[in-house]
Ligand SMILES: [Zn+2]
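Protein chains in written order, with full-length UniProt numbering: chain A, 1 to 422; chain Z, 1 to 310.
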């Protein structure tokens with residue numbers, strides 16, 4: 001029997017200092033005294049550990065960018081207890097044996113839990129469905145060809161129907177590849193002034209519109225990833241009004257950065273879909289507030305420093321953000337969203353998208369917890385990241401809301417020493 | 001030393017005041033006089049080393065810069081690289097750090113990617129002159145265009161410059177659209193809609209039209225842009241014939257412009273495609289002068305960044 005008590009913590013919305021005891025991976029109860037090992041929560045706020053639906057952990061095959069150990073440690077440091085990894089690795093996660101191997105390896109690490117997503121199509125080529133039933137049996141959390149766009153609408157339709165029969169979610173990177181063309185940033189006055197090939201907002205809206213019609217036809221569950229434009233969001237709003245079984249996510253970078261950042265010509269800001277305009281960012285925030293957007297996801301996409309130090313045409317797409325997603329959201333948008341809503345968007349909401357039980361702090365619930373320091377400002381120092389991507393668009397910014405402690409399955413997965421609230 | 005607002009690089013015209021730009025052009029007059037002497041060399045940059053780093057081939061531009069540097073007694077080292085070493089996994093930063101180890105004092109950078117010259121400036125810490133980066137900018141070309149127009153009319157104030165052709169992919173068009181309004185001129189960008197991004201209308205002092213007759217009406221200078229023939233295969237154009245029929249800068253079109261209007265082309269020309277031979281070789285043409293002026297303007301830029309004076 002393992003027992004751990006976290007003392008001096010507050011539940012959201014309360015000023016009362018309490019303690020929680022976890023035992024054998026579940027919450028045994030509140031204020032039971034100092035049972036087992038004791039960790040001082042230093043006055044932080046406790047919440048269910050965050051859930052990430054969209055992270056690129058790069059294993060197998062791209063471990064110079066990230067691997068399970070660095071990626072899941074980074075997730076735990078960011079307050080996450082569960083991570084859905086994307087299948088665009090090398091080889092692609094389209095084989096049940098790879099799914100099993102990933103889960104097994106992650107279990108031994110003791111950081112965040114891993115729930116791998118599997119490819120919807122073999123090799124993510126968009127031509128033939130992967131063995132979806134076998135992949136589900138092996139433990140795949142959902143199906144997606146993220147990183148690739150589903151150009152063949154008929155194959156997507158078949159995949160949605162098949163996944164529906166398995167009770168599984170399909171998620172899509174909604175971008176029309178022919179409209180996106182060679183675009184490396186949002187198409188608009190900034191891209192034209194900078195002379196960089198643009199990716200029009202219509203590339204996203206056109207694809208979302210197509211996919212929503214397929215959902216209307218099939219009734220299958222579709223999750224739209226990393227929405228970036230106001231127009232695509234409006235389409236989602238309308239689809240939800242129609243009662244379609246669709247959900248969507250947005251990412252912290254699309255809420256807090258715009259295409260103006262590309263004036264630096266720094267490939268740190270090169271991401272797919274691209275950073276859009278302030279108008280788009282404002283719409284995305286409205287979508288979070290009115291419930292059109294279901295949840296937040298990071299699209300943590302680490303690359304090597306050398307790759308990101310290339311010119312903007314050559315450098316790969318992606319921002320690595322899993323370690324500071326919560327502090328970033330809390331510092332920049334906490335006032336607009338409120339703590340309760342923000343925590344919901346990063347814990348219960350992703351669980352609802354996946355059809356998982358909602359995490360709670362009640363007795364008997366899984367002991368996946370995070371203690372957050374909502375007060376103390378700390379500078380973003382990428383050198384301290386657990387992720388292999390030790391650079392960030394937010395380097396040098398001062399943020400609040402850093403996790404002090406992350407507990408996964410009743411065991412300490414991350415602990416920040418020596419500073420924070422008291 | 002000069003004021004802190006003084007730009008260290010010529011990457012584009014961001015941060016360049018009209019006064020400083022005018023000083024650059026005035027100084028090019030002095031440099032042009034040097035080029036008229038029997039001994040075309042001054043010791044202004046003696047002991048300094050200029051590196052021409054060409055990640056994309058352009059013999060004409062490289063020769064123009066290297067001659068400009070040598071005429072001011074600078075040592076010149078040239079580095080030419082295809083995209084090959086970079087695609088083998090070397091970052092642009094790595095390449096620049098190797099070059100910096102050679103202790104050069106300034107870079108002239110040509111690259112296929114917009115913004116690459118900005119990165120070289122950041123990573124090297126030395127003055128950088130952008131000799132063309134992707135679709136972004138070719139500032140010395142715009143300066144020599146401005147210089148050539150000013151030579152003709154004495155001023156750019158109140159002048160109208162029509163730029164006709166593949167605006168979308170043109171760093172020359174972008175640099176002129178940035179520079180000329182700072183010097184008081186109006187710029188009209190013109191081309192078929194597929195090659196004329198509507199978003200460029202956001203630039204101050206710039207208007208767009210797809211009608212070349214409208215573009216040249218009232219224009220004092222008409223510039224034809226080079227058309228890459230592969231634009232047809234990429235779907236931007238139906239045929240070169242159709243393009244030439246509608247957008248070629250020819251005598252018929254020039255008659256719609258101001259009576260003393262001049263014709264410009266950044267070269268190399270596709271004769272009788274974007275520009276007709278009768279205009280290119282005719283009395284309105286200032287295409288040869290552009291090339292000549294290029295050297296004086298580049299000498300002025302090198303001098304300004306490496307030695308400088310208020
Ligand atoms: Zn994606």
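Cβ coordinates follow ideal geometry from the N, Cα and C atoms, glycine included.
Since the structure is predicted, the reported quantities are computational estimates derived from the model, not experimental observations.
For secondary structure counted as the beta strand (DSSP E) over 3 or more consecutive residues, the segment 62-130 of chain Z holds these complete runs in sequence order: 75-80 and 106-111. In the structure shown, residue 293 of chain Z falls within a helical segment according to DSSP collapsed to helix, strand and coil. In the DSSP assignment, residue 208 of chain Z is bridged to Z:189. Under the three-state reduction of DSSP, residue 224 of chain Z is assigned to strand. Chain A places no beta carbon closer than 7 Å to that of residue 180 of chain Z, leaving this residue out of the contacts.
In the three-state DSSP reduction, residue 398 of chain A falls in the strand class (E or B). Counted as a single uninterrupted DSSP element, the stretch harbouring residue 279 of chain Z is not any beta strand (DSSP E) but the alpha helix (DSSP H) occupying residues 277-280. Contact of residue 385 of chain A with chain Z by beta-carbon distance below 8 Å is absent, the smallest such distance being about 20 Å. These are the residues, in chain order, with a beta carbon less than 7 Å from any non-hydrogen atom of ligand 1: A:146, A:147, A:173, A:225, A:226, A:272 and A:299. Distance from residue 105 of chain Z to residue 49 of chain Z at the Cβ level is roughly 5 Å; contact confirmed, criterion being Cβ atoms closer than 8 Å. Shown in chain order are the members of the segment 91-118 of chain Z whose Cβ falls below 8 Å from a Cβ of chain A: 91, 92, 93, 94, 111, 112, 113, 114, 115, 116 and 118. For residue 81 of chain A, the closest C-alpha among the options A:351, A:269, A:136 and A:6 is that of A:351.
One thing to note: residue 216 of chain Z has its Cβ within 7 Å of the Cβ of residue 256 of chain Z. The continuous beta strand (DSSP E) containing residue 8 of chain A extends over residues 3-9. Bounds of any alpha helix (DSSP H) do not take in residue 262 of chain Z; it lies within the beta strand (DSSP E) bounded by 262-264. Of the candidates Z:99, Z:230, Z:223 and Z:186, the residue whose Cα lies closest to the Cα of residue 247 of chain Z is Z:223. For residue 141 of chain A, no alpha helix (DSSP H) encloses it, and the DSSP letter there is neither H nor E. Note: residue 52 of chain A is bridge-paired with A:83 in the DSSP secondary-structure output.
Residues of chain A with a Cβ closer than 7 Å to the Cβ of residue 202 of chain Z are, in chain order, 189.
Contacts with chain A at 7 Å (Cβ-Cβ) include residue 197 of chain Z. With fewer than 16 neighbouring CB atoms inside 10 Å of its own CB, residue 102 of chain Z falls in the exposed class.
Between residue 170 of chain A and residue 160 of chain A, the C-beta spacing is below 7 Å. Among the CB atoms of chain Z, one or more fall inside 7 Å of the CB of residue 309 of chain A. The DSSP-derived three-state label of residue 223 of chain A is strand.
Any Cβ of chain A closer than 7 Å to the Cβ of residue 132 of chain Z would place that residue at the interface, and such an atom is absent. Bounds of any alpha helix (DSSP H) do not take in residue 413 of chain A; it lies within the beta strand (DSSP E) bounded by 411-415. Under the DSSP assignment, residue 54 of chain Z falls in the beta strand (DSSP E) whose first and last residues are 49-54. At least one CB atom of chain A sits nearer than 7 Å to the CB of residue 136 of chain Z.
Taking C-beta atoms as the reference points, residue 28 of chain Z and residue 297 of chain Z count as a pair closer than 7 Å. By the C-beta criterion, the segment 177-195 of chain A is judged not to be in contact with the segment 243-255 of chain A, since fewer than 3 inter-stretch pairs fall below 8 Å. For residue 265 of chain A, the closest Cβ of chain Z is nearer than 7 Å. Among the residues facing chain A, residue 174 of chain Z is included, as its CB has a counterpart in that chain under 7 Å away.
A Cβ-Cβ separation of about 15 Å leaves residue 53 of chain A out of contact with residue 326 of chain A under the 8 Å criterion.
Judged by DSSP in its simplified three-state form, residue 372 of chain A adopts strand.
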